[in-house]
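Undergrad:
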Amino acid sequence: MVSILGIVIFVLNVITLYYDYIIMSFVLLILDVVDFRLEFDDFNFMKNKIFYIYYFSRYLLLIIVYEVALNTNILNTNNTVLLSLIMPIVFISVFQNIVVQFGGEEKIDLQDNFIKFREKVVLSLYRIDMTNKAKLKQKILDTDISLNDLLNEYRFYTTNAQYFDFLRNITNFDIQEQKIRCIEKIYAVGGEEALLSIGS
């Protein structure tokens, strides 16, 4: 039976041997999370494997660039901790903007390829998010929840002024449309977790 001490020693050995890779993985993950958080209203993209495919593909390229920089002394430093901290930033700001030319005419525009790759990932995540939101909205509408219950849920997330302003804006709609708009408002202020609490 493997002892806890043995596991701890193994983990510490791995960290000691590959601390630079671990540092780079965390720095790149933080940068990618911040980038995608600016694109989306919440952190739901982190629940989707598409985000991690994007992240790990960039991480593998980062490791290659890091190893090349380390073995050729491009950045001219023996401090691997410093190098592993700045390498993800260098990777994003410099390497992704390089145009590689082979022979005469043939070129590989890394910046263009990275932009297209990111756009496809963002679009896929948007579609998944919209589909999940629509399913969740429909699930709530299929229940017998009253408009008053939905309004009370919305009121929990907002100020009195915003609440009464919203009430004035929906008075001309039928009950079903008022429910839909209320669900959308709850999602806007409380996110998916707020809708899940209603739909549960």
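Everything in the sequence shown is counted per the working numbering, starting at 1 for the first residue and increasing by one. For every residue, glycine included, the Cβ atom is placed at its ideal position computed from N, Cα and C. Here the structure is a predicted model, which is why all the values come from computation and not from measurement.
Report the rounded CA-to-CA distance for Leu123 versus Asn71, giving the unit in angstroms.
TA: 37 Å
Undergrad: Would you be able to state if there are at least three C-beta pairs under 8 Å between the stretch 111-125 and the stretch 171-181?
TA: Short answer: they don't touch.
Undergrad: So, Ile183 versus Leu167, is the Cβ gap smaller than 8 Å?
TA: no
Undergrad: When the Cα of Gly193 is compared with those of Ile74, Ile92, Asn44, which residue comes out closest?
TA: Per the sequence shown, residue 193 should be read as Glu rather than Gly. Between Glu193 and the set Ile74, Ile92, Asn44, the nearest pair of CA atoms involves Asn44.
Undergrad: Within the continuous alpha helix (DSSP H) that includes Asn71, where are the two ends?
TA: 49-72
Undergrad: For Glu67, count neighbouring C-beta atoms within 10 Å of its own C-beta (all shown protein chains included) and say buried if the count is 16 or more, exposed if not.
TA: exposed
Undergrad: Hey, could you find the ends of the alpha helix (DSSP H) Asp165 is sitting in?
TA: 160-170
Undergrad: Just to confirm my understanding: we take Ile186, look at its own chain, exclude 5 residues before and 5 after, and list those with CB closer than 8 Å. What are they?
TA: So the list reads Leu150, Glu153, Tyr154, Tyr157, Ala194, Leu195, Ile198, once near-sequence residues are dropped.
Undergrad: Please check the pair Ile23 and Val121, which I expect to be a contact at CB under 8 Å, by giving their CB distance rounded to whole angstroms.
TA: Wrong, their Cβ atoms sit about 24 Å apart, outside the cutoff.
Undergrad: How is the alpha helix (DSSP H) around Tyr126 delimited, first residue to last?
TA: 110-142
Undergrad: If you check the beta carbons only, do Val65 and Phe26 fall under 8 Å apart?
TA: no
Undergrad: Could you tell me the boundaries of the alpha helix (DSSP H) in which Ser84 lies?
TA: 80-93
Undergrad: Can you say whether Ser57 is buried or exposed, counting buried as having 16 or more other CB atoms within 10 angstroms of its CB?
TA: So Ser57 counts as exposed.
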